[in-house]
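Some notes on the structure that comes next.
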Amino acid sequence: MIQLDVSNATGFLPEDWLTSRTERLEQARGWLENGSGAGGSFTGWVHLPRDYDKEEFARIRCVAKKIQSDSQALVVVGIGGSYLGARAVIELLKSPNYNLKKKDTPDIFFAGNGLSTDALLEIIDLVKDRDFSVNVISKSGTTTEPAVAFRIFKNLLEEKYGKEEARRRIYATTDAHKGALKGLADSEGYETFVVPDAVGGRYSVLTAVGLLPIAVAGIDLEKLMEGAAQAMEALSVPGMDNPAWQYAAARHALYTLGKRTEILVGYEPAFRFFAEWWKQLYGESEGKDGKGLFPASVEFTADLHSMGQYIQQGERLMFESVVRFAESLGSFTIPHDPDNVDGLNFLSGKPLSFVAEQAMRGTLLAHVDGGVPNLVIQAARRDEHTVGELIYFFEYSCGLSGYLLEVNPFDQPGVEAYKKNMYALLGKPGYEAQKAELEARLGH
Ligand code: PA5
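The sequence shown: position 340 = 327 (the working numbering), numbered continuously.
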């Protein structure tokens, strides 16, 4: 199970950093377990690893097999919580170079997560001459970015295969009852999967939202869910040994001491999108009512040669949460060089992982000495089970943290502001007054 090492943060914390919060953590735990706190109708993810829809789960695996057999590529159309989880898990468990690897599963392209014309054209170019399918994912069914991208890929499929076959290659993951995508899927007869009512976008990776693309990439869903279920059991137990309680309490205590930025540190390039997923989870859950840690991320050792300077000596406003996997998946030994021009023969015969371990230990001490508390999240080997645990650990800790901060961790009212302005400027019917006002402010 995930463990948290707080020993490199305690020098910055008061002695009662955990004990003074246990009563509120116990209360927050109850709110999560019973869905009785703020935003409680969106706590369907809490028992999801046990109570997930088994029939749909089996169908996801069937459809993934079909896509693997009839498609060389899958285009996953979605944004935010309807995108980041799948990409995070696929990159962490397969590779950021997944599409470049020799494999018997389809390439996976992510579209509709922005409005870049060039990015869209590139994906069209990469799939148009190959057999491909589309998984369009939108809980609301009305989000502009994926809706625009889906129009384009739907047309592409229809031109390539005709309407009938295109229908068989489109899979819609959306609300069970409502929304434009649900209406379209019903009228066109697409195979559909459900985003449960009680699960918000950023907590949805273990629903069909994440699971279908993850299964298409050949990842073992059972093991992923088993890992999450084990974490669910372990983290529901109240007490100061609970790593989710420790993480939530430590980050809240550091926040109240003025450490306003949390940097999630990974040492694996494959971890980059997991950090993006984490940033959405914490940023959207806590950043409201004028409060919240700013979630940032770095990839070490690469970023030690860039952001490392700031972390060591810049404004003392951050702490680091380091995710550490116990073992590498493979091994590599540093070769001997008879000329030793680079002076590295003192390392020959040593595994690269040994060098990485010392870099990590040295960095941790340097940053702590520089005034940056470090929390270390210890995970086992980078496999399905561990990633399932990690997902649940961060989700559960996020719920606890949000309640400690006294915000609703399950809404995101701030996301609407840009949408309203964008709709107005685009001339969406109903936004005429705002359009005139915004254009006057913009000067044209
Ligand atoms: O976490 C969230 O709720 C958001 O990031 C949404 O997932 C994102 O805006 C996409 O929404 P939808 O799935 O409705 O298209």
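Positions of the beta carbon are idealized from the N, C-alpha and C atoms, including for glycine.
On a predicted model such as this, the values are computed, not experimentally measured, just so you know.
- Endpoints, the beta strand (DSSP E) within which methionine 305 is located: Numbered from its first residue, the sequence shown carries residue 305 at position 318. In the DSSP assignment, methionine 305 falls within the unbroken beta strand (DSSP E) covering 305 to 312.
- Query: How long is the line joining the alpha carbons of proline 230 and glycine 330, rounded to whole angstroms?
  - Reply: If you number the sequence shown from 1, residue 230 lands on position 243. If you number the sequence shown from 1, residue 330 lands on position 343. Distance between the alpha carbons of proline 230 and glycine 330 is about 42 Å.
- Task: Determine the DSSP secondary structure at serine 28, reduced to helix, strand or coil.
- Result: Taking the sequence shown and counting its residues from 1, one reaches residue 28 at position 41. Three-state result, serine 28: helix.
- Return yes when at least one heavy atom of ligand 1 lies under 6 Å from the C-beta of lysine 126, else no. Position 139 of the sequence shown, counted from the start, is the residue given in the question as residue 126. Within the cutoff, so yes.
- Message: Going by DSSP in three states, phenylalanine 341 sits in which element: helix, strand or coil?
- Response: Numbered from 1 along the sequence shown, position 354 holds the residue referred to as residue 341. Helix at phenylalanine 341.
- Query: For the segment -6 to 28, which segments carrying the alpha helix (DSSP H) assignment without a break, of at least 4 residues, lie completely within its bounds, in sequence order?
  - Reply: 9 to 21
- Item | Between the CA atoms of isoleucine 111 and serine 340 - distance to the nearest angstrom | Position 353 of the sequence shown, counted from the first residue, corresponds to residue 340. Position 124 of the sequence shown, counted from the first residue, corresponds to residue 111. Each residue's alpha carbon lies about 39 Å from the other.
- Since alanine 163 contacts arginine 8 with CB under 8 Å, what's their CB separation in whole angstroms? Mapped onto the sequence shown, residue 163 falls at position 176. Mapped onto the sequence shown, residue 8 falls at position 21. Wrong, their Cβ atoms sit about 38 Å apart, outside the cutoff.
- Item | Heavy atom of ligand 1 within 6 Å of glycine 67 beta-carbon | Here residue 67 refers to the residue found at position 80 when the sequence shown is read from its first residue. It does: the Cβ of glycine 67 is within 6 Å (strictly closer) of some heavy atom of ligand 1.
- Measuring CA to CA, which of Tyr297, Asp94, Leu241 is closest to alanine 51? Within the sequence shown, the letter at position 64 stands for residue 51. Checking every option, the nearest Cα to that of alanine 51 belongs to Asp94.
- Nearest-angstrom Cα separation, counted from alanine 75 out to valine 123: The residue labelled residue 123 in the question sits at position 136 within the sequence shown. The residue labelled residue 75 in the question sits at position 88 within the sequence shown. For the pair valine 123 and alanine 75, the Cα-to-Cα distance works out to about 17 Å.
- Message: When you compare the segment 188 to 199 with the segment 15 to 35, are there three or more beta-carbon pairs, one atom per stretch, that lie closer than 8 Å?
- Response: With a cut-off of 8 Å on Cβ pairs, the segment 188 to 199 is in contact with the segment 15 to 35, counting three or more such pairs.
- Query: For methionine 212, is the classification buried or exposed, using 16 other Cβ atoms within 10 angstroms of its Cβ as the cut-off for buried?
  - Reply: Numbered from its first residue, the sequence shown carries residue 212 at position 225. Answer is buried; the Cβ neighbour count reaches 16.
- Taking only heavy atoms of ligand 2 into account, decide whether any of them is closer than 6 Å to the Cβ of arginine 138. Ligand 2 is absent from the structure shown, which contains only ligand 1.
- Message: Taking the alpha-carbon of alanine 45 as reference, which of Leu102, Ala202, Asp105, Gly68 has the nearest alpha-carbon?
- Response: Translated into the one-based positions of the sequence shown, residue 45 becomes position 58. Measuring from the Cα of alanine 45, the nearest candidate turns out to be Ala202.
- Just list the alpha helix (DSSP H) runs in the segment 27 to 65, keeping only unbroken ones of 4 residues or longer that don't cross its boundaries, in chain order. 35 to 38, 41 to 57
- Say the cut is 6 Å; is the CB of glycine 187 nearer than that to a heavy atom of ligand 1? Translated into positions along the sequence shown, residue 187 becomes position 200. For ligand 1, at least one heavy atom lies less than 6 Å from the Cβ of glycine 187.
- Cβ-based burial, cysteine 385 [other Cβ within 10 Å; buried from 16]: Walking along the sequence shown from the start, residue 385 turns up at place 398. Buried is the call here.
- Which of helix, strand or coil does DSSP assign to asparagine 361? Stepping through the sequence shown from its first residue, residue 361 is reached at position 374. The answer is strand: DSSP assigns asparagine 361 an E or B state.
- Item | threonine 130 CB to nearest heavy atom of ligand 1 below 6 Å | Residue mapping note: residue 130 aligns to position 143 of the sequence shown, counting from 1. Threonine 130 Cβ: within cutoff of ligand 1.
- Query: Under the three-state reduction of DSSP, which class applies to isoleucine 77: helix, strand or coil?
  - Reply: In the sequence shown, the residue the question calls residue 77 occupies position 90. Reduced to three states, the DSSP call for isoleucine 77 is helix.
- Counting only runs that start and end within the segment 83 to 122, where is the beta strand (DSSP E) found for 3 or more residues in a row? 94 to 98
- Task: List the whole-angstrom C-beta distance separating serine 308 from isoleucine 364, where the pair is believed to meet the contact cut-off of C-beta under 8 Å.
- Result: Mapped onto the sequence shown, residue 308 falls at position 321. Mapped onto the sequence shown, residue 364 falls at position 377. Rounded, the Cβ-Cβ distance is 6 Å, consistent with contact.
- Message: Considering only their Cβ atoms, is the gap separating isoleucine 47 from alanine 366 smaller than 7 Å?
- Response: Working through the sequence shown from its first residue, we reach residue 366 at position 379. Working through the sequence shown from its first residue, we reach residue 47 at position 60. For alanine 366 and isoleucine 47, no; Cβs fall outside 7 Å.
- Query: What alpha helix (DSSP H) runs, 4 residues minimum, are completely inside the segment 139 to 217?
  - Reply: As far as the segment 139 to 217 is concerned, its whole alpha helix (DSSP H) runs of at least 4 residues are 167 to 175, 195 to 203.
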